[in-house]
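Asker: Heads up: the sequence shown begins at 1 in UniProt numbering, then just goes up one per residue.
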Amino acid sequence: MPGIDASSTFPLGDRPVKRLGYGAMQLAGPGVFGPPKDPDAARAVLREAVARGVDHIDTSDFYGPHVTNRLIREALAPYPDGLVIVTKIGARRGEDGSWLPAFSPEALKQAVHDNLRNLGLDVLDVVNLRIMFDTHGPAEGSIEAPLTVLAELQRQGLVRHIGLSNVTATQVAEGRRLARIVCVQNQYNLAHRGDDALIDALARDGIPYVPFFPLGGFSPLQSSTLSAVAERLGATPMQVALAWLLHRAPNILLIPGTSSVTHLRENLAAGDLKLTDEVLKELDSVATAHA
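Shown next as structure tokens:
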């Protein structure tokens with residue numbers, strides 16, 4: 001299918017996935033808290049994603065909480081062959097919607113079982129351990145204790161593969177000494193490029209890098225350069241931002257989220273955009289402007 005097929009594939013765990021996937025976070029209510037206003041529309045987005053060839057869906061049971069996983073199960077189970085569902089643990093939601101660490105062995109085990117139950121699965125394809133030493137971004141500190149718990153759940157057969165999220169390069173190195181790490185999920189986009197060196201290092205070892213907030217997240221990308229390039233290419237700024245990520249490195253897997261079927265189709269069409277070296281150089285200047 002045009003768009004998604006044009007983006008090629010990259011191995012995630014033991015399966016190749018298309019480099020354009022889908023992130024389910026926006027299917028929950030405002031602030032990723034509570035149910036969506038229109039659950040039928042949310043399920044329609046999930047079905048459209050799979051119908052258009054998406055085989056990598058990113059979620060977590062702390063989205064809602066419990067909301068997105070239940071929507072995924074209702075919309076897609078029994079799951080099609082080849083669909084990889086990636087979830088994450090290490091956080092929980094406060095009653096006020098706040099994001100709180102949940103690192104104790106009991107909390108991590110409960111999170112895995114919650115994901116299994118709400119997704120309707122016997123084993124989770126990939127579980128990202130989200131490090132919450134600082135809710136605003138990666139912060140140094142040993143991840144051995146929580147990662148050891150997750151590795152034990154993997155040995156029990158509840159988890160196939162382990163990834164890391166919201167981590168520093170030092171923590172990635174520590175994690176790889178303790179377990180096989182199949183992906184790293186950090187904030188990265190056209191303007192927020194602190195992980196450039198990490199992406200290149202992971203690419204050399206064949207490990208996927210999955211940028212969250214590829215379009216800016218809670219602070220959408222705003223750039224006159226991006227808008228000008230998009231206008232020249234007859235595309236939306238968000239399509240250009242996604243296409244830039246696909247060009248940035250072969251190990252980047254994208255999971256742009258949306259609660260709109262129209263926006264989903266636009267996002268997946270980013271795989272068709274071809275960016276010249278001149279355009280890529282122009283877009284690279286956006287990071288300098290935001291530095």
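Glycine residues also receive a C-beta, built at the ideal position from the N, C-alpha and C atoms.
Computed from a predicted model, the values in this text were never measured in an experiment.
Among Glu95, Ser223 and Ile57, which has the Cα closest to the Cα of proline 80?
Answerer: Considering only alpha carbons, the answer is Ile57.
Asker: Exposed or buried, what is alanine 41 when buried is set at 16 or more other beta-carbons lying within 10 Å of its beta-carbon?
Answerer: When all chains shown are included, alanine 41 counts as exposed.
Asker: Residues bridged to valine 127 by DSSP?
Answerer: The partner list for valine 127 (beta bridge, DSSP) reads Thr87 and Ile162.
Asker: Kindly give me the distance between the Cβ atoms of valine 123 and arginine 160, rounded to whole angstroms, as I take these residues to be in contact under 8 Å.
Answerer: Yes, valine 123 and arginine 160 are in contact; Cβ-Cβ is about 6 Å, under 8 Å.
Asker: Within the 7 Å Cβ cut-off, does isoleucine 85 reach chain B?
Answerer: Among the chains in the structure shown there is no chain B, since it carries only a single protein chain.
Asker: Write down the C-beta distance between leucine 129 and leucine 153 rounded to the nearest angstrom, noting that I regard them as a contact closer than 8 Å.
Answerer: With a Cβ gap of about 11 Å, leucine 129 and leucine 153 do not count as contacting.
Asker: Return the chain-ordered list of same chain residues with a C-beta closer than 7 Å to the C-beta of leucine 202, the five sequence neighbours on each side being excluded.
Answerer: Once the five neighbours on either side are set aside, the close Cβ partners of leucine 202 are Val184, Tyr209 and Asn251.
Asker: Is the beta carbon of glutamate 174 sitting closer than 7 Å to the one on isoleucine 131?
Answerer: No. Outside cutoff.
Asker: Please specify which runs of the alpha helix (DSSP H), each continuous and at least 4 residues long, are wholly inside the segment 187 to 252, giving them in chain order.
Answerer: The qualifying runs are 196 to 204, 224 to 233 and 237 to 248.
Asker: With a 10 Å radius around its C-beta and 16 neighbouring C-beta atoms as the bar for buried, classify serine 223 as buried or exposed.
Answerer: Serine 223 is buried by the Cβ-count criterion.
Asker: In the structure shown, what three-state DSSP assignment does valine 167 receive?
Answerer: Valine 167: coil per DSSP, three-state reduction.
Asker: May I ask you to report which of helix, strand or coil DSSP gives aspartate 58?
Answerer: Correct three-state label for aspartate 58: strand.
Asker: Rounded to whole angstroms, what is the Cα-Cα separation between valine 67 and aspartate 277?
Answerer: Spanning the two alpha carbons is a distance of roughly 42 Å.
Asker: My understanding is that arginine 43 touches leucine 71, with C-beta atoms under 8 Å, so please give their C-beta distance in whole angstroms.
Answerer: Rounded, the Cβ-Cβ distance is 6 Å, consistent with contact.
Asker: Flag this pair as touching only if the segment 185 to 199 and the segment 157 to 172 have three or more C-beta atom pairs under 8 Å; answer yes or no.
Answerer: A contact exists between the segment 185 to 199 and the segment 157 to 172.
Asker: Could you tell me the alpha carbon to alpha carbon distance between serine 8 and arginine 117, rounded to whole angstroms?
Answerer: The alpha-carbon atoms of serine 8 and arginine 117 are separated by roughly 32 Å.
Asker: Taking 6 Å as the limit between beta carbons, can you name the residues of its chain near arginine 93, skipping five residues before and five after?
Answerer: Closer than 6 Å at Cβ, skipping near neighbours: Phe62 and Pro65.
Asker: For glutamine 156, name the three-state secondary structure that DSSP assigns.
Answerer: In the structure shown, glutamine 156 sits in coil (DSSP, three-state: anything other than H, G, I, E or B).
Asker: Buried or exposed: where does threonine 170 fall if 16 or more other Cβ atoms within 10 Å of its Cβ makes it buried?
Answerer: With fewer than 16 Cβ atoms within 10 Å of its Cβ, threonine 170 is classed as exposed.
Asker: Apply the 10 Å Cβ neighbour rule to alanine 228 and answer buried if 16 or more other Cβ atoms are within range, or exposed otherwise.
Answerer: So alanine 228 counts as exposed.
Asker: Between glutamate 48 and aspartate 205, what straight-line distance do the alpha-carbon atoms span, to the nearest angstrom?
Answerer: Computed Cα separation, rounded: 33 Å.
Asker: Please state the DSSP three-state secondary structure of proline 138.
Answerer: In the structure shown, proline 138 sits in coil (DSSP, three-state: anything other than H, G, I, E or B).
Asker: Hey, out of Val127, Arg248, Leu46 and Ala107, whose CA is closest to serine 60's CA?
Answerer: The candidate whose alpha carbon is nearest that of serine 60 is Val127.
Asker: State the start and end residues of the unbroken alpha helix (DSSP H) segment that holds proline 39.
Answerer: Unbroken alpha helix (DSSP H) run through proline 39: 39 to 51.
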